[in-house]
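Peer 1: Chains A and B are the protein sequences, given in the same order.
Throughout the first sequence, residue numbering follows our numbering, covering 1 to 588 in sequence.
Throughout the second sequence, residue numbering follows our numbering, covering 1001 to 1143 in sequence.
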Amino acid sequence: MVAEAPRPPSAEDDGLISGGRYRRMALAAFLAVSTVALVPLLLVTGVSYRQYRSAFESDLSNPMLRFAAAAQQSLGSFLSERLSALGMIMRDTPIEDLKNSAALERVLQTMEQSFGGIVDLGVIDETGIQVAYAGPFALEGRDYAEHKFFQQARVAGVSVSDVFMGYRNLPHLVLAIHKDLGGHHELVLRATVDTDVFHFLVRARTSRRPEQAAFCRRCHSLVVPPFADAFIINQDGVLQTPSRFYGDILGRSRLPPLPHSSEPALTEVVDARGQPLVVAYTQIQGSPFTLVVLSPRDATHAGLMSVRHDVIIFVVVSCLLIVTVVAAGTTYVVRRVHDADLKRAALYHKMEYTNKLAAIGRLGAGVAHEINNPLSIITQKGGLLKDLLTMSDELPPKTKMIDLTDSVLKSAERCGVITHRLLGFARHMDVQQESIDLDALLHEVFGFLEKEASYRNLRITFDCIGEVPHIVSDRGQLQQVFLNIINNAFAAVDDGGHIEIGIRQEETTDVAVSITDNGIGIPESQIPHIFDPFFTTKKGAGTGLGLSITYGIVQKLGGRIGVTSTVGKGTRFTVTLPLTHPAAGSSE
Amino acid sequence: MHTTTVLLVDDEAEFVEALAERLTARGLNVESAGDGETALRMSQAKVYDAILLDMAMPGLDGLQTLRGLLEINPDQQVILLTGRATLTQGVEAMKLGALDLLEKPADIATLVARIEKAATRRTSLQDERVQERVSDILRKKGW
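1. Could you give the first and the last residue of the continuous beta strand (DSSP E) run that contains V472(A)?
2. Per DSSP, what kind of secondary structure is G476(A) in: helix, strand or coil?
3. If the cut-off is 8 Å on Cβ atoms, which residues from the stretch 1050 to 1078 of chain B count as contacting chain A, listed in chain order?
4. For R1122(B), decide whether its Cβ has a neighbour in chain A, counting only Cβ atoms nearer than 8 Å.
5. Work out the CA separation of A191(A) and L258(A) for me, nearest whole Å.
6. Kindly identify the DSSP beta-bridge partner or partners of V270(A).
7. Give me, in chain order, the residues of the same chain whose beta-carbon lies closer than 8 Å to that of L375(A); leave out the 5 immediate sequence neighbours on both sides.
8. If you check the beta carbons only, do L1070(B) and L1040(B) fall under 8 Å apart?
9. Helix, strand or coil, according to DSSP, for I418(A) in the structure here?
10. Between the Cα of I460(A) and the Cα atoms of T516(A), H420(A), N484(A), H470(A), which residue gives the shortest distance?
11. Out of curiosity, what's the CA-to-CA distance linking V155(A) and R244(A)?
12. Below 9 Å on C-beta distance, what does D387(A) contact in chain B?
13. Taking only three categories from DSSP, how would you classify Q1077(B)?
14. Does D1136(B) pass the burial test, meaning 16 or more other C-beta atoms within 10 Å, or should it be called exposed?
15. Taking 7 Å as the limit between beta carbons, can you name the residues of its chain near L495(A), skipping five residues before and five after?
16. Kindly indicate which residue of V1009(B), E1037(B), N1073(B) has the alpha-carbon position closest to the one of V1030(B).
17. Out of A491(A), P256(A), I371(A), which has the shortest C-alpha to C-alpha gap to V270(A)?
18. Which residues of chain A have a Cβ atom closer than 7 Å to the Cβ of E1092(B), listed in chain order?
19. Quick check on DSSP: helix, strand or coil for G570(A)?
20. So which residues of chain B does G383(A) contact, with C-beta pairs closer than 7 Å?
21. Where does K179(A) fall in DSSP's three states?
22. Could you tell me the alpha carbon to alpha carbon distance between R439(A) and G558(A), rounded to whole angstroms?
23. 8 Å is my cut-off, CB to CB: does V575(A) come that close to chain B?
24. Considering only the alpha carbon of each residue, which of M305(A), D387(A), L108(A) lies closest to G1027(B)?
25. Excluding the 5 residues preceding and the 5 following P396(A) in the sequence, name in chain order all residues of the same chain whose CB lies nearer than 6 Å to its CB.
26. How long is the line joining the alpha carbons of S407(A) and G1034(B), rounded to whole angstroms?
27. Name the one or two DSSP bridge partners that H172(A) has.
28. Is there a C-beta anywhere in chain E that falls below 8 Å from the one on I377(A)?
29. Quick one: which chain A residues come within Cβ less than 7 Å of A1018(B)?
30. Over what stretch of residues does the alpha helix (DSSP H) that includes T516(A) continue unbroken?
31. Sort F164(A), S565(A), K148(A) by Cα distance to D248(A) and report the nearest one.
32. Tell me where the alpha helix (DSSP H) around H443(A) begins and ends.
33. Assign P296(A) to one of three DSSP states: helix, strand, or coil.
34. Compute the beta-carbon to beta-carbon distance between V292(A) and F231(A), rounded to the nearest angstrom, for a pair I have assumed lies under 8 Å.
35. So which residues on chain A does G1036(B) lean against when the C-beta distance must stay under 7 Å?
36. Based on the DSSP output, what are the partners of N1029(B) in its beta bridges?
Following this line, the structure appears as structure tokens:
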């Protein structure tokens, strides 16, 4: 069974508690939460606003189109009624009566009674001379040959002229009907129509003129709001009715040309002053007129603008609120994480330190024991020397004394070696990088345990395969790692057991150290836990920190640690270390 | 007068050497063994008044050797020497029948005193046994 170390027991963060990492974490969390919060908000607001706007715009354009349709119908029928009346006169009245001004006067009166709005009537012969006239002006005998309506009526049979200012300085238009009498004789019946009635478009509904009132009844629901405008233009864009904002009658509306449409249509244009307009317009049937209803986009959209304003404020405030809360929340959480990490790191360092001290304590006991032996020799040799000097009056032989002193010195030196070794171990508490001969280091670590091994008859073999390069790492930490593992191996084997330490280069970048014992082995169920802190099988004797800390150190040094074990057969720990570890931690 | 015979058992030759010389200078008859097995062999061949036994040795350790020595001669007086005495080791040694347990480095005077005490104790034990045997024989023979 083989198990790589299942997970790092809290260690890999050493030296990583840097500001940058937490700033990145905070930024990522902030962006993620903000996105999740803001995107739906913006999406919903955007979609709602679009729908509202489209609903608003159709609400807005519908009345304009209705107005245009109604006005088109009213004006269209106003004109067609009068044209058909003229047609009837032309058909039913004898030619002699038509040429007779008095008879024409009677016809005019009848028409005034039934239709209204007719100012005068005139009959023109094929030469363009007005042969009969009924009306307030003395226009009999006038020549209309050059007039447009006359020519148009002769060609088309019917003519509706543009509006013009008549002799009374009131806006009029001319309706004309043509009749072919045969034998090169023709007649054109001309009627001047007062277009005052058209002015309802922009006037208040309280108009007094009866025909206007009648006219307005048809479209009494039509009210042009004060900011809007409605008027009629001819094909050249000349105003046929007064307008509120686009000039008086017969002025030029200065609107961009509108495409032809016999049905009410809606478009948006920009007028000469640069104001964007919403325009509903339609051709009036049987006439050169176009009805225009327009409203400044801003005015009509004022409601929408206020909604948009509200929406923008709402979105901005919401976004600010969300961003603030998210930023504050993220900062708080990341700070907590940072604090927790700091605490954990501190705890880990404390644990590591405790383990180190425990290791030193264990070593200390062994060292005391080892020192005791040379110390005993010193005591005995010194005692013997004193005996020799005190028990006899003679000086002992010189050689004997030299032997004894040598022995004392040698033993003292042995003590020195041992204390230095311990000091060397304790000194390497600080992390530092140096070139290390692993073989020598392992021998050195093993030196601590040599006595125990000899007392317990343990067989230790070193197996250094090939030329193993020196590695750059931390001597003290490596000592601790191997001491922990070899200690465990010692604990696992019975007296007379065998421990094999193997060193070999792995790939070109790593060196692997394997420590194999033929001890009791680790049950498969425990293997995933052996690197966990506080996991121990030495009931009451261990802290359970040894391997956890070993794992942490190996990670910190950029290495890996793995274990294979078979119950009853033994365990192999393999520590793989990089030749150099550029990112070696410099904490502690 | 009977000279007290002592066996020193320690793997540290120099220590044994020096101590043997000092004890000899104090009127003891000293022999030495470098390890547990040698000690057992020597104890089989000869009875020692006291055996000074090091606790930590390669091969047979102090306690194992003690066990062997007492098997050979239950009256054997053994003084254990230890560099690092743990309570359990001490208790076990005393239970097994060690006379004493001294910590290294031991003072020579103490050591000699203990050895003398051990020798005395051994003699008295021996006398007791002799007495026992005598009374036993007397009882059996029915004089």
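Don't be surprised by glycine CBs; every beta carbon is placed ideally from N, CA and C.
Here the structure is a predicted model, which means the values were calculated and not measured.
Peer 2: In this structure, then:
1. 471 to 473
2. helix
3. A1056, M1057, P1058, G1059, D1061
4. no
5. 30 Å
6. P276(A)
7. S411, C415
8. no
9. helix
10. T516(A)
11. 36 Å
12. E1021, R1022, A1025, R1026, I1108
13. coil
14. exposed
15. Here residue 495(A) is Asp; the residue named in the question, Leu, does not match the sequence. Cβ within range, chain order: R456, N457.
16. V1009(B)
17. P256(A)
18. Correct list: empty, because the minimum Cβ distance to chain A is about 16 Å.
19. strand
20. R1022, I1108
21. strand
22. For the record, residue 439(A) in the displayed sequence is Asp; it is not Arg. Their backbone Cα atoms lie some 19 Å apart in a straight line.
23. no
24. D387(A)
25. L388
26. 18 Å
27. F164(A), D194(A)
28. You won't find chain E in this structure, because its protein chains are A and B.
29. I377, Q380, K381, L384
30. T516(A) -> not in any alpha helix (DSSP H); beta strand (DSSP E) instead, spanning 510 to 517.
31. F164(A)
32. 438 to 455
33. strand
34. 6 Å
35. Simply none; closest approach about 11 Å.
36. T1005(B)
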